[in-house]
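Enquirer: The structure's right below; bear with me while I get my questions together.
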Amino acid sequence: MKMNDWKKKAIVYEAYVQSFKDSNGDGIGDIRGLIEKLDYIKNLGANTIWLTPIFKSPLVDNGYDIADYKAINPIYGSMNDFKELLGKAHEKQLRIVLDLVVNHTSDQHEWFKESKKNKDNKYSDYYIWRDPKEDGSAPTNLGSAFGGSAWTYVSERNQYYLHLFAKQQPDLNWDNPEVRNDVYKIMKFWLDMGVDGFRMDSISFISKPRKFEDGPLEDSKEYGAYYYGSANGPHIHEYLQEMNREVLSKYDVISIGETPHTSAKEARLFVEPERHELDMVFQFEHMHVDYGKYGRYSDVTFKMSDLRNSMSSWQNSLSWNSNYLGNHDQPRIVSRFGNDNKYRKESAKMLAIVSLLQKGTPFIFQGEEIGMTNLHIKKIDELKDLEAHNIYNFLRSKGISEDDALNMVNRKTRDNARTPMQWDESEQGGFSSGKPWIEVNPNYKEINVKKDLNDPDSIYHFYQKLLKLRNNNQVLLDEKYELVSSDDSAVFAYTRSTGKEKLAVICSFVPYKVKYNLPTDFVNRNELLLSSYGDNKAKASNVMYLRPYEGVVIRRE
């Protein structure tokens, strides 16, 4: 299953549909809004669009709780709208990737409604049920990723069901072959329609242990780690190879697996071509560089060296990576890894360079291309994020003050990424003519697409240059990555090379000027291809003085 050329050249733009563009004034982004903006995405330089879930859902977890896999959620439009989107995208040589959520369903799915009735019906074994302990309590101490126990009791069966996430998201029992067959039918339904692939949510959790055990207590929580025994479970690769054999191998499509709590060694088993599983995975190690006592919500600032070491380790461990710094579950990258005040433009451009030119498929989350920032809410009631509310209550229960708990949640709430796309300086940022489902970031008058399109030195135009550079240079598509200056405290630098050609990517992560010596083999024989400050020098100095958050790309002559 060697990856073909179009997959190697894929540049993926993630559209969080609910917040991308509202076409009818109801305050919710929709499919027709996406259709309006296809040219915008194409002109950026992306050629593949990943849509967050658009299926029928009660939206407890913003669509990652699916009630009907073969129906479009009416708030986003109709099946005809989706088919029109698919057709028009293909006309523009844009591919469409759907978010496939099959570790769990909504508790409103017909499968679960039937499963919880009794222990003797067609769907009784579609989910993971376990008997209570003798005292009636939950089978184990496992907690949910969103807080509380991972087990919920159902009196009709006198049993508990497992939900690694919200209680309204019961986990499917992949050990049941009928579950797997039904999932494959769902996949074929969309692929036969012309969809170009799937991003598979939480796919590393689909194989559960036969016997559940108490998990370790982490991040000062009262329940055991939700992933214990379930991350990369006993049959995970058997099931993915079956999925590939029965479905993926029969179509020319891309497969992207989200694999939390997976090491680089384990990830190789998902993606190496001879194993016939997935094309690539989303890993999370570099997302943990600012974790602390309270996990992701700790009041901790990342160290660039930790980010550099993590990303480089994965670059050298896998034949192909998914390269990202942000998505719908993470804070805005310029607020997290850059400087969203004085050096917002400079650091946003630098972060694009350091991430998108590594070996693998580049992923851009909507708004990164204009440097959108975190939200900074003032009251917990302003947040929509279920996880953030649960974590806030947990932090308060630990004696943390309201202000400190709010600050900790502000840093990492998923709402930071889910505020509406800022199209222009008009009311609601041009996202909707009505009241948006979630508040627009108040800085939309200063940060928006219209301003970036009219500014030749904008972040958007820089992304265009960067993505063009990537796809016009074979050395950036499928060649060697090597970290350089591994002990530099301010600069993240690496090279991409073939036998003949070599590029150096040099990026400063500090708000002041720093001295940097070019790698020896670039001295006196180099060409400056791109600078985040827009310079057009023919050569780079052998000794560079990188400006605040400057990133450069240099070719060895």
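In the numbering used here, each number is its position in the sequence shown, counted from 1, plus 66.
Note that the Cβ used here is the ideal one computed from N, Cα and C, for glycine as well.
Return the chain-ordered list of same chain residues with a C-beta closer than 8 Å to the C-beta of M416, the five sequence neighbours on each side being excluded.
Expert: Taking the sequence shown and counting its residues from 1, the one referred to as residue 416 is at position 350. Excluding residues within five positions, the ones whose Cβ falls inside 8 Å are G404, C573, S574, F575, S598, Y615, E616 and G617.
Enquirer: Report the rounded CA-to-CA distance for I419 versus L543, giving the unit in angstroms.
Expert: Position 353 of the sequence shown, counted from the first residue, corresponds to residue 419. Position 477 of the sequence shown, counted from the first residue, corresponds to residue 543. So the alpha carbons of these two residues sit roughly 14 Å apart.
Enquirer: Measuring alpha carbon to alpha carbon, tell me which of N298, E284 and K501 ends up nearest N90.
Expert: By 1-based counting over the sequence shown, the position of residue 90 is 24. Of N298, E284 and K501, the residue nearest in Cα terms is K501.
Enquirer: Going by the CB atoms, is the gap between Y226 and A211 shorter than 8 Å?
Expert: Mapped onto the sequence shown, residue 211 falls at position 145. Mapped onto the sequence shown, residue 226 falls at position 160. Contact flag unset, no.
Enquirer: With DSSP as the reference, identify every bridge partner of H170, one or two as the case may be.
Expert: Translated into positions along the sequence shown, residue 170 becomes position 104. Partner(s): D237.
Enquirer: For F264, count neighbouring C-beta atoms within 10 Å of its own C-beta (all shown protein chains included) and say buried if the count is 16 or more, exposed if not.
Expert: Here residue 264 is taken as the residue at index 198 of the sequence shown, counted from 1. Answer is buried; the Cβ neighbour count reaches 16.
Enquirer: Please report the straight-line C-alpha distance between K199 and T206, rounded to a whole angstrom.
Expert: Reading the sequence shown from its first residue, position 133 is the one you call residue 199. Reading the sequence shown from its first residue, position 140 is the one you call residue 206. Cα-Cα distance, rounded: 8 Å.
Enquirer: What does the alpha-carbon distance come out to for the pair N70 and K103?
Expert: Locating residue 70 in the sequence shown gives position 4, counting from the first residue. Locating residue 103 in the sequence shown gives position 37, counting from the first residue. If you take the alpha carbons of N70 and K103, they lie about 28 Å apart.
Enquirer: CB-CB under 7 Å to N389, same chain, minus the five flanking residues each way: which ones, in chain order?
Expert: Working through the sequence shown from its first residue, we reach residue 389 at position 323. Answer for N389: S421, L422, Q424, G426, T427, P428 and F429, listed in chain order.
Enquirer: The beta strand (DSSP E) with E324 in it runs from where to where?
Expert: Counting from one through the sequence shown, the residue named residue 324 turns up at place 258. Looking at the DSSP string, the run of the beta strand (DSSP E) that includes E324 is I320 to E324.
Enquirer: Can you say whether S221 is buried or exposed, counting buried as having 16 or more other CB atoms within 10 angstroms of its CB?
Expert: Start at 1 with the first residue of the sequence shown, and residue 221 comes out as number 155. Looking at its Cβ environment, which holds fewer than 16 other Cβ atoms inside 10 Å, S221 is exposed.
Enquirer: By Cβ distance below 6 Å, which residues in the same chain neighbour L612 in space, the five residues on each side in sequence not counted?
Expert: As a working note, residue 612 is residue 546 in the sequence shown. Correct list, in chain order: S574, V580 and Y582.
Enquirer: Which class does E548 belong to by DSSP, given the choice of helix, strand or coil?
Expert: Taking the first residue of the sequence shown as position 1, residue 548 is located at position 482. Three-state result, E548: strand.
Enquirer: Check whether the Cβ atoms of Y192 and L228 sit closer than 8 Å, and answer yes or no.
Expert: In the sequence shown, the residue the question calls residue 192 occupies position 126. In the sequence shown, the residue the question calls residue 228 occupies position 162. Not a contact, by the Cβ cut-off of 8 Å.
Enquirer: Need the endpoints of the beta strand (DSSP E) that W217 sits in, please.
Expert: Stepping through the sequence shown from its first residue, residue 217 is reached at position 151. Start and end: W217 to V220.
Enquirer: To the nearest whole angstrom, what separates the beta carbons of L100 and E435, a pair I think is in contact under 8 Å?
Expert: As a first step, residue 100 is located in the sequence shown; it is residue number 34 there, counting from the start. As a first step, residue 435 is located in the sequence shown; it is residue number 369 there, counting from the start. Actually they are not in contact, since the Cβ atoms of L100 and E435 sit about 16 Å apart, beyond 8 Å.
Enquirer: Less than 8 Å between C-beta atoms, sequence neighbours within five positions excluded: which residues of the same chain meet that for E623?
Expert: What you label residue 623 is simply residue 557 of the sequence shown in a count that begins at 1. These residues qualify, in order along the chain: R591, N592 and E593.
Enquirer: If you count every other CB in all the chains shown that lies within 10 Å of the CB of D258, and 16 or more means buried, which is it?
Expert: Sequence index remark: in the sequence shown, residue 258 carries index 192 (1-based). Exposed, because fewer than 16 other Cβ atoms sit within 10 Å of the Cβ of D258.
Enquirer: Between which two residues does the beta strand (DSSP E) holding D134 run?
Expert: The sequence position of residue 134 within the sequence shown is 68, counting from 1. Looking at the DSSP string, the run of the beta strand (DSSP E) that includes D134 is D134 to I138.
Enquirer: Are the Cβ atoms of P326 and A291 separated by less than 8 Å?
Expert: One-based indexing of the sequence shown puts residue 326 at position 260. One-based indexing of the sequence shown puts residue 291 at position 225. Going by C-beta atoms, P326 is not nearer than 8 Å to A291.
Enquirer: Would you identify the three-state DSSP class for M67, choosing helix, strand or coil?
Expert: The residue you call residue 67 lines up with position 1 of the sequence shown. Model confidence at M67 stands at a pLDDT of 40, short of 50, so the residue's coordinates are unreliable; what they give is reported in the following sentence. The answer is coil: DSSP assigns M67 none of H, G, I, E or B.
Enquirer: Using only CA atoms, which one of S492, F588, F86 and T171 lies nearest to G129?
Expert: Counted from its first residue, the sequence shown places residue 129 at position 63. Taking only the C-alpha atoms, the option nearest G129 is T171.
Enquirer: Let me confirm a value: F255 is counted as buried when at least 16 other C-beta atoms fall within 10 Å, else exposed. Which label applies?
Expert: In the sequence shown, the residue the question calls residue 255 occupies position 189. Under this definition F255 is an exposed residue.
Enquirer: Helix, strand or coil, according to DSSP, for Q225 in the structure here?
Expert: Working through the sequence shown from its first residue, we reach residue 225 at position 159. Three-state result, Q225: strand.
Enquirer: Does the separation of the CB atoms of V400 and G437 fall below 8 Å?
Expert: To locate residue 400, count along the sequence shown from 1; it is residue 334. To locate residue 437, count along the sequence shown from 1; it is residue 371. It is a contact, given that the beta carbons lie within the stated cut-off.
Enquirer: Going along the chain, which residues of its own chain have a beta-carbon closer than 8 Å to the beta-carbon of I246, five neighbours each way excluded?
Expert: Mapped onto the sequence shown, residue 246 falls at position 180. Contrary to the premise, residue 246 reads as Arg rather than Ile in this sequence. For R246, where only same-chain residues beyond five positions count, the Cβ hits under 8 Å are W240, Y305, E308 and M309.
Enquirer: Quick check on the burial criterion: 16 or more other C-beta atoms within 10 angstroms. Buried or exposed for E529?
Expert: Reading the sequence shown from its first residue, position 463 is the one you call residue 529. One detail in the question is off: residue 529 reads as Tyr in this sequence, not Glu. Classification of Y529: buried, given that the 10 Å Cβ count is 16 or more.
Enquirer: Counting only runs of 3+ residues fully inside the region 267-328, write out the beta strand (DSSP E) ranges in chain order.
Expert: Counting whole runs of 3 or more residues, the region 267-328 contains the beta strand (DSSP E) stretches 320-324.
Enquirer: CA-CA distance, D96 and Y560?
Expert: Against the sequence shown, residue 96 aligns to sequence position 30. Against the sequence shown, residue 560 aligns to sequence position 494. Going by the C-alpha atoms only, they are around 40 Å apart.
Enquirer: What are the partner residues of W116, as DSSP defines its beta bridges?
Expert: For this step, residue 116 is matched to residue 50 along the sequence shown. Answer by DSSP bridge pairing, in chain order: E80 and V163.
Enquirer: Can you look up N389 in the DSSP assignment and give me helix, strand or coil?
Expert: Start at 1 with the first residue of the sequence shown, and residue 389 comes out as number 323. Reduced to three states, the DSSP call for N389 is strand.
Enquirer: Please state whether DSSP places T427 in a helix, a strand or coil.
Expert: The residue given as residue 427 occupies position 361 in the sequence shown. If DSSP states are grouped into helix, strand and coil, T427 belongs with the strands.
Enquirer: Return no unless some Cβ of chain B is closer than 8 Å to the Cβ of Q159.
Expert: Considering every chain present, this structure includes no chain B. It has just one protein chain.
Enquirer: So the beta strand (DSSP E) R562 belongs to, where does it begin and stop?
Expert: By 1-based counting over the sequence shown, the position of residue 562 is 496. R562 -> beta strand (DSSP E) spans V557 to S563.
Enquirer: Suppose contacts are defined by Cβ-Cβ distances below 8 Å. Is V619 in contact with L595 by that definition?
Expert: Along the sequence shown, one-based indexing puts residue 619 at 553. Along the sequence shown, one-based indexing puts residue 595 at 529. Yes, these two residues count as a Cβ contact at 8 Å.
Enquirer: Got a sec, what are the start and stop residues for the alpha helix (DSSP H) I457 sits in?
Expert: Position 391 of the sequence shown, counting from 1, holds the residue named residue 457. I457 -> alpha helix (DSSP H) spans L452 to S463.
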